[in-house]
Every structure is written in C-alpha cells, then in structure tokens.
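Going by our numbering, 774 is the number at position 164 of the sequence shown; the sequence numbering is gapless. Idealized CB from N, CA, C, for every residue including glycine. Note that the structure is a prediction, hence the values are computed from the model and not measured. Written below as structure tokens is the structure these notes are about.
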Amino acid sequence: MARRTRPEAEQDLAAGPARPSPLHVRSVEKAFRVLDAFSPARPSMGLTQLANHLGIDKSEAQRFVFTLIELGYLRKDPISKALQLTVKTLDIGHNYLRSNTIVRGASTYLTHLNTLTDETVNLGIMDDTEVVFVQRIVSRHVFNENVVIGTRLPAFCTAAGIAMLAYLDPAEARDILERSDLRPFTPNTTYRLPELLDKLKLTADKGYSATNGEYYSDISLGAAVRDARGAPVAAVTLALSSARLSLEEAERKLAPLVMEASRSIPA
Numbered sequence: 611m612a613r614r615t616r617p618e619a620e621q622d623l624a625a626g627p628a629r630p631s632p633l634h635v636r637s638v639e640k641a642f643r644v645l646d647a648f649s650p651a652r653p654s655m656g657l658t659q660l661a662n663h664l665g666i667d668k669s670e671a672q673r674f675v676f677t678l679i680e681l682g683y684l685r686k687d688p689i690s691k692a693l694q695l696t697v698k699t700l701d702i703g704h705n706y707l708r709s710n711t712i713v714r715g716a717s718t719y720l721t722h723l724n725t726l727t728d729e730t731v732n733l734g735i736m737d738d739t740e741v742v743f744v745q746r747i748v749s750r751h752v753f754n755e756n757v758v759i760g761t762r763l764p765a766f767c768t769a770a771g772i773a774m775l776a777y778l779d780p781a782e783a784r785d786i787l788e789r790s791d792l793r794p795f796t797p798n799t800t801y802r803l804p805e806l807l808d809k810l811k812l813t814a815d816k817g818y819s820a821t822n823g824e825y826y827s828d829i830s831l832g833a834a835v836r837d838a839r840g841a842p843v844a845a846v847t848l849a850l851s852s853a854r855l856s857l858e859e860a861e862r863k864l865a866p867l868v869m870e871a872s873r874s875i876p877a
C-alpha cells in the first residue's frame, strides 16, 4: 500500500524520490510516468502538451515517446501527431489478472453469488487510498455501466474500501483516511474522520460493510477477503438498486451471502 496517490504521481517528472535508492532506475520511473500521464481526462496529447504536463523539456519527452512508440505502448496519429496509448498497454493488466491467485480463485464464488442474488458482484483490491475493481460480474439490473475492471474509487466511501479498512491495523487505517480526499460525493457520503472511524468499528463488529448512495446511487454490501493472519487482501461487494430492496432488507437477506463468498475465496 505504499503506492503514491495519483496527484503525487503527476508531480514534476524530474523531481524523483526524496531519497533515491542506488537501485532506483530513474529512466524506468520516467517511462512509466509518461504512460501514467494518459487518462480518461487526457486520452491523447501532443508532445509539447505531454512535456508541459510532466514538467520536463520537450527533447527529453521526445526520447521517451520515441522509445515507447518503438516498443508498441504509444502510437502517434500520422496526421494530428497526437499521442495515445495502444492496446498493448493492456498486457500488463491482463497478466496481473491471470497470475494473481486471489483474483483467479475468486471467480467461482463470485459467479455463484451472482447466480444466487441476480445482482452485480465485484472483487476489489486496495491500492493506497483507492479501491481497484479487478473482477466484475454484472446483472441484468446493472445501472453503473461506466464501472469496469480497472476502475478506481475512493476507499473511504465505498463498501469494498470500508470492508478492508475495518480489518487493517487502526493506525494504518487512520493514516489512509487522513491522506484521502475526504469530501461529500453525494448528500449521503460519510466523510468526516470521527464518523468514518466509527463506521470501521461497526463494520468489524458486523463482519460486513454497507453503503447507500455514498458514491453512486446504489446500495452496496461488502465483506473482506482475509488471509491466514486476518489481514484484508481483497473485498467482495454486491451492488443493487435501492428501488429493488431497502438497505435493511438488503442487509438481512444478502449480507450473509456476501460474507460467505468472501470467506470461501482462498487467500
């Protein structure tokens, strides 16, 4: 969980780590930060725009871009000269999903939970202050079509994040919350630190988390997948519309199934 948050990763490319290890290869870091500069908000950029965004000179940016184009991770439009990521960038994520034992081991149990409930089921993994969706089985009632594998959401206001934070060492959980962008995404978002700490305690006591319209306008139930030491390594979540069930009904009928699925996944 030592990964830097996205705002930190977008600082001046030349800044580097405060105390670089002699093993740290700056050119590798810079190459990945070039790739990381592209996002849904910036799907394509010209060379000058990219250099300005990263805070480096144009000639340095050109060398990294040339190499990444040669390796197949970037492409340049022949007319506009705009740079874009290529489909090859998916290879790293695909290899992660295929090689991660938790992700591979969860498939059967997520499918079973989806079949039992006819609701959307997700597997999320913590990455610093965020949760990343690494598996998703949608139901015919799906309403958040923009959530796909790889989507990142704030941990503090999502069922998956709360479920995992509840089983971290309290000092570590508090540190993550204090470094999070605590703000109300909806009128229902719990975002003040004292209330969040209370929610973590309640979640640990119940064994599952519950959110209702805190980020999206849905109900989500989450339960942590824990390793042999009891540490959270992932979380199973189930999402449904509040028009189908109330929060109380969802907790009573579905929370036990979510917890059973999380306990079944080998960690």
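- Query: Is it buried or exposed for ALA612, if we count other Cβ within 10 angstroms and need 16 for buried?
  - Reply: Residue placement at ALA612 is poorly supported in this model, since its pLDDT is 39, which falls under 50; the coordinates are not used for a value here.
- Own chain, CB closer than 7 angstroms to ASP791, minus 5 neighbours either side, in chain order: PRO764
- Query: Under a Cβ-count criterion, where at least 16 other Cβ atoms within 10 Å of its own Cβ denotes burial, should SER709 be classed as buried or exposed?
  - Reply: exposed
- Item | CB of LEU657 within 9 angstroms of CB of LEU693, strictly | yes
- Task: Determine the extent of the beta strand (DSSP E) in which ASN732 is found, giving its start and end residues.
- Result: 730-737
- Considering only C-alpha positions, which residue in the set ALA647, ASP701, ASP728 is nearest to LEU867? ASP728
- Contained beta strand (DSSP E) runs [length at least 3] in the segment 827-867, N- to C-terminal order: 829-836, 842-850
- Alpha carbon to alpha carbon, what distance is there between TYR777 and ALA841? 6 angstroms
- Message: So VAL835 and ALA849 are supposed to be a Cβ contact under 8 angstroms. How far apart are they, rounded?
- Response: Not confirmed; about 17 angstroms, so no contact.
- Message: Out of ASP779, THR799, SER827, which one is the CA nearest neighbour of LYS811?
- Response: ASP779
- Query: Under 9 angstroms, do LEU695 and PHE648 count as touching if we go by C-beta distance?
  - Reply: yes
- Item | Three-way DSSP call (helix, strand, coil) for PRO617 in this model | Only weak support exists for where PRO617 lies, its pLDDT of 44 falling under 50; the coordinates are left without a value.
- Query: Taking the alpha-carbon positions, what's the ASN798 to SER874 distance?
  - Reply: 31 angstroms
- Task: My understanding is that TYR818 touches MET869, with C-beta atoms under 8 angstroms, so please give their C-beta distance in whole angstroms.
- Result: 5 angstroms
- Taking only the alpha-carbon atoms, compute the straight-line gap between ASP738 and VAL757 and give it to the nearest angstrom. 19 angstroms
- When you compare only the Cα positions, how much space is there between GLY715 and ASN662? 43 angstroms
- Message: Quick check on SER872: does DSSP put it in helix, strand or coil?
- Response: helix
- According to DSSP, residues forming a beta bridge with GLU740: ASP737, PRO764
- Neighbour-count burial assignment, TYR706, 16 or more Cβ in a 10 Å radius: exposed
- Message: So, for THR761: in the same chain, excluding its five sequence neighbours on each side, which residues have a beta-carbon less than 7 angstroms away from its beta-carbon?
- Response: PHE743
- What residues in its chain sit with their C-beta under 8 angstroms from that of SER717, if we drop five residues either side in the sequence? GLN745
- Task: Rank GLY832, SER690, VAL697, GLY771 by C-alpha distance to the C-alpha of TYR683 and give the top, closest one.
- Result: VAL697
- Query: Helix, strand or coil: which one does DSSP assign to ASN798?
  - Reply: coil
- By DSSP, does LYS691 sit in helix, in strand, or in coil? coil
- Task: Between the Cα of LEU787 and those of PHE795, PRO876, LEU664, LEU806, spot the shortest distance and give me the residue it belongs to.
- Result: LEU806
- Query: So the alpha helix (DSSP H) LEU775 belongs to, where does it begin and stop?
  - Reply: 769-775
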